[in-house]
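Asks:
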Amino acid sequence: MENQISIQIPAEVLAEAAQKLDEVNALLNPFLVALTPEERKRLPKMGEDNLMFVEKSTEYIKSHPALVPAFVDTAELDIDLKAVYDITTLARIAERLCMSLNDTMMLAGSEAYTAALSFYNSVKVAAKRNVKGAEPVHNDLKKRFVKNSPRASKSKTTNA
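Each position in the sequence shown, counted from 1, maps to that position plus 83 in the numbering used here.
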């Protein structure tokens with residue numbers, strides 16, 4: 084397999100990037116919320132289609148104030164909609180960054196794992212051929228590939 088990535092991010096660049104991300108987090112934290120999984124499930128979601136519905140409703144609210152129920156806070160609706168616009172802008176930037184970080188991490192991890200597998204396969208052959216020192220290395224590394232089947236678990240508990 085061809086090596087597709089070989090990066091070495093200097094420690095000072097990593098430290099500065101982490102500091103800046105911490106600064107962004109601290110800057111935005113007072114304005115952000117964290118929902119529980121249950122809260123996320125319960126909330127009505129506003130995707131692209133619903134965003135257009137909300138925008139159109141907001142226009143009608145302004146042009147037909149007599150139709151607005153007394154319990155709908157139109158000023159709060161405007162604040163919430165602006166928050167959606169503002170946060171969407173930031174979220175798109177963050178998503179691009181996260182995607183690039185994840186892609187880079189995946190590619191580097193894949194190359195590291197492939198190299199480790201090549202080493203493991205070499206050690207496995209060396210252990211079969213009784214090459215000195217290969218067996219303990221193979222025995223340690225092969226633990227990664229032991230399957231936890233229900234049958235294996237039953238035999239362990241029955242034999243215990």
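For every residue, glycine included, the Cβ atom is placed at its ideal position computed from N, Cα and C.
I'd like to know if the region 85-94 and the region 177-196 are in contact, where contact means that at least 3 CB-CB pairs between them fall below 8 angstroms.
Replies: Counting Cβ pairs under 8 angstroms, three or more are found: they touch.
Asks: Go through the region 93-134 residue by residue and report every complete run of the alpha helix (DSSP H) that reaches 4 residues or more, in order.
Replies: List check, alpha helix (DSSP H) in window: 94-111 and 120-125.
Asks: Short check: CB of D224 to CB of V206, under 8 angstroms?
Replies: In the sequence as displayed, the identity of residue 224 is Leu instead of Asp. Yes; because the gap between Cβ atoms is below 8 angstroms, this pair is in contact.
Asks: Suppose you measure from the CA of D186 to the CA of P127; what does that come to, to the nearest Å?
Replies: Whole-angstrom Cα-Cα distance: 31 angstroms.
Asks: May I ask which residues mark the beginning and end of the alpha helix (DSSP H) holding G192?
Replies: Its alpha helix (DSSP H) spans residues T157 to K211.
Asks: Taking the alpha carbon of Y203 as the reference point, which residue from V151, F136, V107 and F228 has its own alpha carbon closest?
Replies: Checking every option, the nearest Cα to that of Y203 belongs to F228.
Asks: What span of residues does the alpha helix (DSSP H) with V229 cover, start to end?
Replies: That residue, V229, is in no alpha helix (DSSP H); it is neither H nor E in DSSP.
Asks: Using the Cα positions of T119 and A177, report the straight-line distance between them to the nearest angstrom.
Replies: The alpha-carbon atoms of T119 and A177 are separated by roughly 21 angstroms.
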